[in-house]
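The sequence shown begins at 1 in the UniProt record's numbering and counts up by one. Built from N, CA and C at the ideal position, the CB exists for glycine as well. All of these numbers come straight from a predicted model, not from anything done at the bench.
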Amino acid sequence: MYTIQRFSELASTNDTCKHNYAMLSDQSVILAEHQTKGRGRFERTWESNEDLTFSILYKQHFPSPILFPLAIVKALESFHVAALIKWPNDILVAGKKVCGILIETVYEGNQKAAMIVGIGCNLSEKEGSLKAKAGYVNINKEVLLTDILHQCTSLARLSQEELCERYRQYHMLKGRKIKLDDVVWEVQDVNSDGTLTIRNAKGRRILHGGEVTLSS
Ligand code: BTN
């Protein structure tokens, strides 16, 4: 059961979860209208103006990371927006990234104490945003948030294998050529543990995370 706490401004909803995880309850959702130091993957900054920006804190059961991009894609379907997932967890509409996910873990000793899932959906009117891509369909922030959380709840009932099966339906990299350290590989598939198998004439590799660049 998700409990939402709303703030008009925070530095970063992920940081708020991280600094307060001990006091916050499991499945707390921290939402900010505006972030002053929003963070993206690989230490990048995440600029947000009219975005939907929130983080979910898990302290008891830690869902599979592949659940979250899937929850967003399914939620967008209810707005008739056809989105795809660029492994591991970028959401693309018509080839442009419209949502990003930053997953972080808090440890107490070697014990995983909390998982923080930060989600940013670009809802601004700027080109490349979800609104523009949805043909200016009015995507109501509140409804989108409710739909994403609803999807998180229902997808959490699926096995990892079932989740992966659904993820594959939206997996835009399958069969595509990607570049890694200047070497071209073909993406085979996403595996049930969420890793990515790539291959070329020299062999196969399993990717556990990171960022993949399309070669063409
Ligand atoms: C990415 O680099 O694609 C991930 C972007 C994640 C941004 C969200 S916005 C809400 C949460 N708080 C943050 O500081 N970052 C995440």
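DSSP places Phe68 in the uninterrupted alpha helix (DSSP H) bounded by 67-77.
Of all alpha-carbon atoms in Arg199, Glu142, Leu123, the one lying nearest the alpha-carbon of Leu31 is that of Glu142. Looking from the CA of Lys97, the closest CA among His208, Tyr107, Ile119, Lys59 belongs to Ile119.
Contact between Gly40 and Ser48 is ruled out by a C-beta separation of about 10 angstroms, above the 8 angstroms threshold. Under DSSP, Gln5 takes part in a beta bridge, and its partners are Ile30. Annotated three-state conformation of Arg204 is strand, per DSSP.
Per DSSP, reduced to three states, the secondary structure at Arg39 is strand. Separation of His150 and Arg199 (C-alpha to C-alpha, rounded to the nearest whole angstrom) is 36 angstroms.
It is roughly 29 angstroms from the alpha-carbon of Val29 to the alpha-carbon of Val212. For Ser154, the enclosing alpha helix (DSSP H) begins and ends at 141-155. From the listed residues Trp185, His34, Leu144, the smallest Cα separation to His80 is found for Leu144. Your pair Leu52 and Cys121 checks out as a contact, with CB atoms roughly 4 angstroms apart and the cut at 8 angstroms. With respect to the C-alpha of Thr16, the residue from Gly194, Ser64, Glu162, Ser55 having the closest C-alpha is Ser55.
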